[in-house]
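A.B. asks: If you scroll down you'll find the structure; I have some questions about it.
Written out as structure tokens, the structure reads:
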């Protein structure tokens, strides 16, 4: 799968679920609604291991799979394992050692996967994004964490998004508690990789598919608005 020539915006769903059955069912709804990329979220990988990536790859062969293992060490090995399971993109943390980020980038080139650099919990998120680009990552994940948002109410990745976008020349994704309106706004703010997760389509407390209005209808409408049609 060639990710060198992408057409933006791209809509990604974060499958931050804890069972493979729920993840597959939710992914099927998302694909039917027009979502482009499927993310095996960290809770899913912890609960089900890399077989979650393999199952997503098997069920959805035409959709890029993001493996959000949040690599902090063992960068080459973890990237190789995720690639062998069927991942097209992997995530390395900006708080990792430089050597780890470099090894993830090396493995990405060797195994044909793209690398997303995540600035979660960086002391300076803008500088971290720039540094990760210099080390060779392909995308920046500008990320306000789940626990951080609960400790500091009102904190949003939209706060520093403009500065992060200005600091790098690679595509940016804003992650962390976005509202529907904020998600739709991201491409116009220079972040063309739009991720839909908690609380939009995943319950942020139970890590289950969100209840309420039909998930497919909600996702379809968001995808249409993001793409401007």
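Numbering (my numbering), first residue to last: 1006 to 1234.
All residues carry an ideal CB built from backbone N, CA and C; glycine is no exception.
All of these numbers come straight from a predicted model, not from anything done at the bench.
So who's on the other strand from residue 1013, going by DSSP bridges?
C.D. replies: Residue 1013 is not bridged to any residue.
A.B. asks: Report yes if the C-beta distance between residue 1249 and residue 1224 is below 8 Å; otherwise report no.
C.D. replies: Coverage of the chain is limited to positions 1006 through 1234, which leaves residue 1249 absent and any answer about it impossible.
A.B. asks: Classify residue 1217: buried if its beta carbon has 16 or more other beta carbons within 10 angstroms, exposed otherwise.
C.D. replies: At residue 1217 the pLDDT is 49, less than 50, meaning the model places this residue with poor confidence and gives no usable figure here.
A.B. asks: Three or more beta-carbon pairs under 8 Å between the segment 1098-1105 and the segment 1056-1068, yes or no?
C.D. replies: The answer is no - the segment 1056-1068 does not touch the segment 1098-1105, with fewer than three Cβ pairs under 8 Å.
A.B. asks: Taking residue 1172 as part of the beta strand (DSSP E), name the residues at either end of that continuous run.
C.D. replies: Where residue 1172 is concerned, there is no enclosing beta strand (DSSP E), although the alpha helix (DSSP H) it sits in stretches over 1166-1172.
A.B. asks: Whose CA, out of 1190, 1063, 1196 and 1167, lies closest to the CA of residue 1227?
C.D. replies: Taking only the C-alpha atoms, the option nearest residue 1227 is 1190.
A.B. asks: Please list, in chain order, all residues of the same chain as residue 1085 whose beta carbon is under 7 Å from its beta carbon, the five residues on each side excluded.
C.D. replies: So the qualifying residues of the chain are 1112 and 1116.
A.B. asks: Beta strand (DSSP E) containing residue 1179: first to last residue?
C.D. replies: Start and end: 1177-1180.
A.B. asks: Going by CA-CA distance only, name the one from 1181, 1059, 1195 and 1192 that's closest to residue 1206.
C.D. replies: With distances taken between Cα atoms, residue 1206 lies closest to 1181.
A.B. asks: Can you name, in chain order, every residue of its own chain whose Cβ lies under 8 Å from the Cβ of residue 1036, other than the five neighbours on each side?
C.D. replies: The answer, listed in chain order, is 1043, 1065 and 1068.
A.B. asks: Give the DSSP-derived three-state secondary structure of residue 1222 in the structure shown.
C.D. replies: Three-state DSSP puts residue 1222 in a helix.
A.B. asks: Spatial neighbours of residue 1017 within its chain, please: CB distance less than 6 Å, with the 5 preceding and 5 following residues excluded, ordered by chain position.
C.D. replies: Same-chain partners within the cutoff: 1042, 1044 and 1200.
A.B. asks: Is residue 1072 helix, strand or coil when you go by DSSP?
C.D. replies: Residue state, collapsed to three classes: strand.
A.B. asks: In this structure, how does DSSP classify residue 1217 when only helix, strand and coil are distinguished?
C.D. replies: Per-residue confidence for residue 1217 stands at a pLDDT of 49, beneath the threshold of 50, marking its modelled position as unreliable; the derived number appears in the next sentence. Residue 1217: coil per DSSP, three-state reduction.
A.B. asks: What separation, rounded to the nearest whole angstrom, lies between the Cα atoms of residue 1054 and residue 1179?
C.D. replies: Going by the C-alpha atoms only, they are around 25 Å apart.
A.B. asks: I need the boundaries of the alpha helix (DSSP H) containing residue 1245, first residue and last residue.
C.D. replies: Residue 1245 lies beyond the stretch modelled for the chain, which goes from 1006 to 1234, so this question has no answer here.
A.B. asks: Determine the DSSP secondary structure at residue 1121, reduced to helix, strand or coil.
C.D. replies: In this structure, residue 1121 counts as strand in the three-state DSSP scheme.
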